[in-house]
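What follows is a set of notes on a single structure, which appears directly below.
Residue numbers (my numbering), protein chains in the order written: chain A, 3 to 349; chain B, 1350 to 1836.
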């Protein structure tokens, strides 16, 4: 395969960051919606379940656009990774996609359904949220494990390892960890969106206390698990720069405790921001750990990127479009500022 | 069938299913957003409240349709990699790039303004809202361009060299402006407009037939029919042009579409016969039976009385596409296109005779019923058109360069079947949901009572919003109860 020039390598690196940012935004934004869905499985009052869905009715599809953007960037800039990785992840992706479709339908149709059906569609909503979180998390763990590629001359290396290779103790664990993480985010979201005297907020508060410790435990278990099975992770974390990694971990823990303090003081929105900060720090740390791999042991981001000229043109278009996009997004936020404060005023 | 042949067939079916169930929504998004822009522009200019009511009514249907498009579209974006991994890798430098452009320059752009268009009523100034509607329409048309461009490149791949297992870009301009896209894009864009016009005409006709809001829907019906008088013949013209491009660049595809097995007759003379209908024989090397008119094929393709058209027997056996689907899908598409054109002419005649006025329009029940039927025609045409295009390109995924068998992911028969079964269930759920929702909104009819939302940031407009959340959000609007939790 053609080697990338220095400039192209830099551009590839920038695209990798854009990809990671899209996925991070997706996880942070849609994660809360998914978590609220998981939480709704344990809400007995049908009106409260309906209210949880209403709370995200205006934003859930906007949040999911980041998934589409992530997919577009992956296909556009890293087609060699896209084509092999998604064959490898066929089963978990299909299950997560079915979950996404089911969520969309049950969200949009709840109000049309008879009461008998409503109980069923509420369950479908909660179960599909759980499925998206679990299989999304499992796919994530499977990516970290890497996958075997063919090595035939005259062909792009691709995946032939079968549909079930993604299943491993680690990927099952990351699925569970993802469910814990999104449920925590969902509980914070519910607290933020409901009026202060609603009983559901008290319910959510109890969950938040438990999930906080579960979340911390999940982080520790994931780190220990990763360090024990991934040489590329252990090598970096316990290398000469170990103190940097220790500081990063400390920052995550501090952000997590700040989140709990805000949570207890009913500063609902800051609790969400602290949690998101903790997730963002972990995402950056993860990227630094896997670099230069896009899929550890399988594709480096440079080998997976499309060669030469197309990268340049892609960048040209995106460079022109990104400022415009940011401008109209900012304008959109400005226009809807009133809606946010109107809701806040109701609290 | 051997195992690998069966799994190849199933993977093709897998992809055919998810694309066929996706293409039901985007053409309406594209076409209807253009029509909404036109109607809203007319409202802003004339301040005629009826256009406002129509815009708000059809916008509700637009939102439901958009949800269907997103729900089925996310699957498609990942489906290339999942079902056609090696193809995605090989074609990625062009195909992935173009889909990436689509994501950024069309999908995100559209999604941004979609929010303003739906939630911006009463918050934006009228002109600003019109601008948002314009951008949704424009962005979705740009989206059509990129998507059709990617597909057209698979039909007439230009500007690339196939080397080391993937397509290297040598000429971006040639690849983007490949021969097929020049008419392929307008053909799809006009199809979207035609579909939306028929959709509006059908729903309006239903209201007129039920004698509900006749004064309102008479305007929509008349406008849609008159637009169809221009659009429907234009589509026939574009389709004919595209057919000739196929004849030039993909002779095998054309031969399959026409069921043209033999270049020459057994006696050595040129085979000029055009089949109205036909069925291939068991061996697949000729027709079992056919109704054939001599000379028509030569006239259609070469514009001469006895011009030779390459038949399937002039191509190597392993390069021949299947015949039945392209042959019949092509005919059904063409018939639907002509049916819509005739319907538009019928409507124009009624307009000229003065029988489309508010008083007299209800006196044409058969025309109104035909209009309702016409609402389904473009859906059938779009399906058949894409089936023609995709099946007639076989056995290639990138015409002449990469075979479909080389492009599919290495799935077992079981995996491919489970995918299909799962998606049959989930996509039908979406389809049923969308149409059920359509029916519900149509039965409820337009909202004629709420005050017209003029320029934004007016106190009374916001007041109206807080009493009736409908303009804020469709999902919330129809959901009594939960919303009250916030108050």
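Note that CB positions come from ideal geometry on N, CA and C, so glycine has one too.
Taking only heavy atoms of the ligand MN into account, decide whether any of them is closer than 7 Å to the Cβ of residue 233 of chain A. With respect to the ligand MN, the structure shown offers nothing to examine, as it has no ligands at all.
Do the stretch 1418 to 1436 of chain B and the stretch 153 to 163 of chain A touch if we need at least three Cβ pairs shorter than 8 Å? As far as the Cβ criterion goes, the stretch 1418 to 1436 of chain B touches the stretch 153 to 163 of chain A, which means the pair count is three or higher.
Starting from the N-terminal side, write out each stretch of the alpha helix (DSSP H) that is 4 residues or longer and does not extend beyond the stretch 100 to 168 of chain A. Listed in chain order, the complete alpha helix (DSSP H) runs (minimum 4 residues) inside the stretch 100 to 168 of chain A are 117 to 147.
Contacting residues, own chain, Cβ-Cβ under 8 Å from residue 1841 of chain B (five flanking each side not counted): In this structure chain B extends from 1350 to 1836, so residue 1841 of chain B is not present and cannot be described.
Element boundaries [beta strand (DSSP E), containing residue 1512 of chain B]: Sequence index remark: in the second chain, residue 1512 of chain B carries index 163 (1-based). Looking at the DSSP string, the run of the beta strand (DSSP E) that includes residue 1512 of chain B is 1509 to 1512.
Going by DSSP in three states, residue 239 of chain A sits in which element: helix, strand or coil? For the purposes of this step, residue 239 of chain A is taken as the residue at position 237 of the first chain. The answer is helix: DSSP assigns residue 239 of chain A an H, G or I state.
Three-state class that DSSP yields for residue 1518 of chain B in the structure shown: The residue labelled residue 1518 of chain B in the question sits at position 169 within the second chain. Of the three classes helix, strand and coil, the one that applies to residue 1518 of chain B here is strand, per DSSP.
Between which two residues does the beta strand (DSSP E) carrying residue 1715 of chain B extend? Position 366 of the second chain, counted from the first residue, corresponds to residue 1715 of chain B. Element bounds for residue 1715 of chain B: not the beta strand (DSSP E) but the alpha helix (DSSP H), 1714 to 1723.
Flag this pair as touching only if the stretch 144 to 152 of chain A and the stretch 44 to 60 of chain A have three or more C-beta atom pairs under 8 Å; answer yes or no. Remark: fewer than three beta-carbon pairs, one from each stretch, lie closer than 8 Å, so the stretch 144 to 152 of chain A and the stretch 44 to 60 of chain A are not flagged as touching.
What is the DSSP secondary structure of residue 1579 of chain B, reduced to helix, strand or coil? Here the question's residue 1579 of chain B lines up with position 230 in the second chain. Residue 1579 of chain B: helix per DSSP, three-state reduction.
Between the Cα of residue 1646 of chain B and the Cα atoms of B:1673, B:1612, B:1664, B:1675, which residue gives the shortest distance? As a first step, residue 1646 of chain B must be located in the second chain, where it is residue number 297. Taking only the C-alpha atoms, the option nearest residue 1646 of chain B is B:1612.
In the DSSP assignment, what are the bridge partners of residue 1614 of chain B? Here residue 1614 of chain B refers to the residue found at position 265 of the second chain. According to DSSP, which records beta bridges pairwise, residue 1614 of chain B is partnered with nothing at all.
Assuming residue 1542 of chain B and residue 1569 of chain B make a contact with CB atoms under 8 Å, what is their CB distance in whole Å? Sequence index remark: in the second chain, residue 1542 of chain B carries index 193 (1-based). Sequence index remark: in the second chain, residue 1569 of chain B carries index 220 (1-based). 15 Å between Cβ atoms; not a contact.
Report the rounded CA-to-CA distance for residue 1513 of chain B versus residue 305 of chain A, giving the unit in angstroms. To locate residue 1513 of chain B, count along the second chain from 1; it is residue 164. To locate residue 305 of chain A, count along the first chain from 1; it is residue 303. Spanning the alpha carbons of residue 1513 of chain B and residue 305 of chain A requires a straight line of approximately 14 Å.
Under a three-way DSSP split, which group does residue 1555 of chain B fall into? Mapped onto the second chain, residue 1555 of chain B falls at position 206. DSSP places residue 1555 of chain B in helix when its eight states are reduced to three.
Please report how far the alpha carbon of residue 243 of chain A lies from the alpha carbon of residue 1784 of chain B, in whole angstroms. The residue labelled residue 243 of chain A in the question sits at position 241 within the first chain. The residue labelled residue 1784 of chain B in the question sits at position 435 within the second chain. Their Cα atoms are separated by approximately 59 Å.
Contact belief for residue 1384 of chain B with residue 1408 of chain B at Cβ below 8 Å, rounded distance in angstroms: Counted from its first residue, the second chain places residue 1384 of chain B at position 35. Counted from its first residue, the second chain places residue 1408 of chain B at position 59. Cβ-Cβ separation between residue 1384 of chain B and residue 1408 of chain B: approximately 11 Å, too far for a contact (criterion under 8 Å).
With a threshold of 8 Å between beta-carbons, can residue 1759 of chain B be considered close to chain A, or not? Position 410 of the second chain, counted from the first residue, corresponds to residue 1759 of chain B. It does; some Cβ of chain A falls within 8 Å.
Run of the alpha helix (DSSP H) containing residue 1375 of chain B, from where it starts to where it stops: Taking the second chain and counting its residues from 1, one reaches residue 1375 of chain B at position 26. Counting along the chain, the alpha helix (DSSP H) containing residue 1375 of chain B begins and ends at 1375 to 1395.
Count the CB pairs spanning the stretch 1737 to 1753 of chain B and the stretch 1690 to 1704 of chain B that are closer than 8 Å, and state whether there are at least three. Look at the beta carbons and you see the stretch 1737 to 1753 of chain B not touching the stretch 1690 to 1704 of chain B: under three pairs across the two are nearer than 8 Å.
Can you list, in chain order, the residues of its chain with a C-beta nearer than 7 Å to that of residue 1429 of chain B? Leave out the 5 residues immediately preceding and following it. Counting from one through the second chain, the residue named residue 1429 of chain B turns up at place 80. Contacts found: 1437.
Taking Cβ positions only, does residue 223 of chain A come closer than 8 Å to chain B? Indexing the first chain from 1 puts residue 223 of chain A at position 221. Answer no: the Cβ-Cβ gap between residue 223 of chain A and chain B never drops below 8 Å.
From the beta carbon of residue 1584 of chain B, is the nearest beta carbon of chain A less than 8 Å away? By one-based count along the second chain, residue 1584 of chain B stands at place 235. Chain A contact via Cβ: absent.
Quick one: which residues of the stretch 1451 to 1464 of chain B get their C-beta closer than 8 Å to a C-beta of chain A? List them in chain order. So the list reads 1451, 1452, 1453, 1454, 1456, 1457, 1458, 1460, 1461, 1462, 1464, given in the order they occur along the chain.
If you compare alpha carbons, which of A:136, A:94, A:125 is closest to residue 104 of chain A? Your numbering for residue 104 of chain A matches position 102 in the first chain. Cα-wise, what sits closest to residue 104 of chain A is A:125.
Measuring CB to CB, does residue 1490 of chain B end up less than 8 Å from residue 1765 of chain B? Taking the first residue of the second chain as 1, we reach residue 1490 of chain B at position 141. Taking the first residue of the second chain as 1, we reach residue 1765 of chain B at position 416. No, the pair does not count as a contact, with Cβ atoms beyond the cut-off.
Could you check what DSSP says for residue 94 of chain A in three-state terms: helix, strand or coil? Here residue 94 of chain A refers to the residue found at position 92 when the first chain is read from its first residue. Reduced to three states, the DSSP call for residue 94 of chain A is helix.
Limits of the unbroken alpha helix (DSSP H) element including residue 1365 of chain B: In the second chain, the residue the question calls residue 1365 of chain B occupies position 16. Note, residue 1365 of chain B: alpha helix (DSSP H), 1352 to 1369.
Residue range of the beta strand (DSSP E) that residue 1629 of chain B falls in? One-based indexing of the second chain puts residue 1629 of chain B at position 280. For residue 1629 of chain B, the enclosing beta strand (DSSP E) starts and ends at 1623 to 1629.
DSSP bridge partner residues for residue 301 of chain A (one or two, in chain order): Residue numbering aside, residue 301 of chain A sits at position 299 when the first chain is read from its first letter. Bridge partners of residue 301 of chain A according to DSSP: A:297.
If contact is defined by three or more beta carbon pairs under 8 Å, each pair taking one atom from either stretch, is the stretch 1626 to 1646 of chain B in contact with the stretch 1712 to 1730 of chain B? The stretch 1712 to 1730 of chain B, when compared against the stretch 1626 to 1646 of chain B, does not touch it at the 8 Å Cβ threshold.
Which partner residues of residue 1752 of chain B appear in the DSSP bridge assignment? Locating residue 1752 of chain B in the second chain gives position 403, counting from the first residue. Answer by DSSP bridge pairing, in chain order: B:1745.
Indicate whether the contact test is met: 3 or more Cβ pairs, each with one atom in the stretch 1595 to 1611 of chain B and one in the stretch 1670 to 1683 of chain B, closer than 8 Å. With the cut-off at 8 Å, the stretch 1595 to 1611 of chain B and the stretch 1670 to 1683 of chain B touch.
Would you kindly check if the distance between the Cβ of residue 1772 of chain B and the Cβ of residue 1366 of chain B is under 8 Å? Along the second chain, one-based indexing puts residue 1366 of chain B at 17. Along the second chain, one-based indexing puts residue 1772 of chain B at 423. Between residue 1366 of chain B and residue 1772 of chain B, the gap from beta carbon to beta carbon is short of 8 Å.
Measure how close the beta-carbons of residue 271 of chain A and residue 194 of chain A come, nearest whole angstrom, since I'm counting them as under 8 Å. For the purposes of this step, residue 271 of chain A is taken as residue 269 along the first chain, with counting starting at 1. For the purposes of this step, residue 194 of chain A is taken as residue 192 along the first chain, with counting starting at 1. Indeed, because the Cβ distance is near 6 Å, the residues count as touching under 8 Å.
Starting from residue 1651 of chain B and walking both ways along the alpha helix (DSSP H), at which residues does that stretch end? Here residue 1651 of chain B refers to the residue found at position 302 when the second chain is read from its first residue. Counting along the chain, the alpha helix (DSSP H) containing residue 1651 of chain B begins and ends at 1645 to 1651.
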